[in-house]
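Shown next, in C-alpha cells, is the structure this report addresses.
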Amino acid sequence: MKTPQENQNPYLFMAGIARGSSIRRIHTQWRPHNSTINVATFGIPDKKCVVHIARDGRTCLSLDVRILDRYSMATAINQAQEILAKL
Numbered sequence: 059m060k061t062p063q064e065n066q067n068p069y070l071f072m073a074g075i076a077r078g079s080s081i082r083r084i085h086t087q088w089r090p091h092n093s094t095i096n097v098a099t100f101g102i103p104d105k106k107c108v109v110h111i112a113r114d115g116r117t118c119l120s121l122d123v124r125i126l127d128r129y130s131m132a133t134a135i136n137q138a139q140e141i142l143a144k145l
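Numbering (this note's numbering) for the sequence shown: 59 to 145.
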C-alpha cells in the first residue's frame with residue numbers, strides 16, 4: 059500500500075490507490091459544537107479499501123488507509139467515529 063508524502067494532496071493520493079476504480083464518498087463525521095474538525099471517509103469498493111481524511115477546515119491533519127476483509131460502509135463509519143474520538 060502507498061503512503062502519502064508530506065505535502066501530497068490527499069485526493070490525488072486516493073486517485074493513485076484507486077487506479078481507475080470508482081471512489082465513493084461514504085460519510086463525514088463532525089465533532090460537535092460548531093467545530094471545524096471532521097473526518098471525511100471515502101471508499102474504493104473494487105479494492106476493498108477505505109480512506110479516512112481527518113481535517114481541520116480545509117487543512118488535512120491525517121490520512122488513514124484501511125484494507126477491509128469485506129467492504130462495508132457501516133464498518134467505515136465506525137472507524138471514522140473512532141478516529142474522530144482520538145483527535
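Idealized CB from N, CA, C, for every residue including glycine.
From what residue to what residue does the alpha helix (DSSP H) around asparagine 136 run?
131-144
Aspartate 95 lies in the beta strand (DSSP E); which residues open and close that run?
Note that residue 95 is isoleucine in the sequence shown, not aspartate. Counting along the chain, the beta strand (DSSP E) containing isoleucine 95 begins and ends at 95-102.
Across which residues does DSSP place glutamine 87 in a beta bridge pair?
Under DSSP, glutamine 87 shares a beta bridge with Val97.
Expected contact under 8 Å - CB spacing of isoleucine 228 and isoleucine 135 to nearest Å:
Given a span of 59 to 145 for the chain in the structure shown, any question on residue 228 remains unanswerable.
Among Arg124, Val109, Leu126 and Arg128, whose alpha-carbon lies nearest the alpha-carbon of threonine 86?
Val109
For alanine 73, I'd like the list of residues in its chain whose CB is within less than 8 Å of its CB, leaving aside the five on either flank, ordered along the chain.
Ile81
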